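Per our numbering, the very first residue in the sequence shown carries number 1; after that it's consecutive.
No residue lacks a Cβ here, since even glycine has one placed at the ideal position from N, Cα and C.
Bear in mind the structure is a predicted one, so any value in this text is a computation, not a measurement.
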Amino acid sequence: ERAELNPAKDAEKARQVAPFVAALAELAASPTDEATARLIDDFRWQVEEFKVSLFAQELGTALKVSPVRLQTVLDQIRRC
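Encoded structure:
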């Protein structure tokens, strides 16, 4: 409903999430060890929480997420 009312705002929110979704898809396609796989799974949940924070703020999130936090985790995973 919100997307129909303000498609430009919805597109901006989707633009914010897109790099992390793309990185997640890239990471999921790469072979990893068990420890890195756990980090990737944690990152996946953080991306989902970020989506909630953008698209359904009234639901709240289980943890604090932001593009900066997501990028930090992504950088950590890529160093593994």
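Between Val-17 and Phe-43, the gap from beta carbon to beta carbon reaches 8 Å or more. In the three-state DSSP reduction, Ala-14 falls in the helix class (H, G or I). One Cα belongs to Thr-72, the other to Ala-28, and the distance between them is close to 18 Å.
A distance below 8 Å between beta-carbons, with the five flanking residues on each side excluded, links Leu-24 to the following residues of its chain, in chain order: Ile-40, Phe-43, Arg-44 and Val-47. Taken through DSSP and simplified to helix, strand or coil, Glu-1 comes out as coil.
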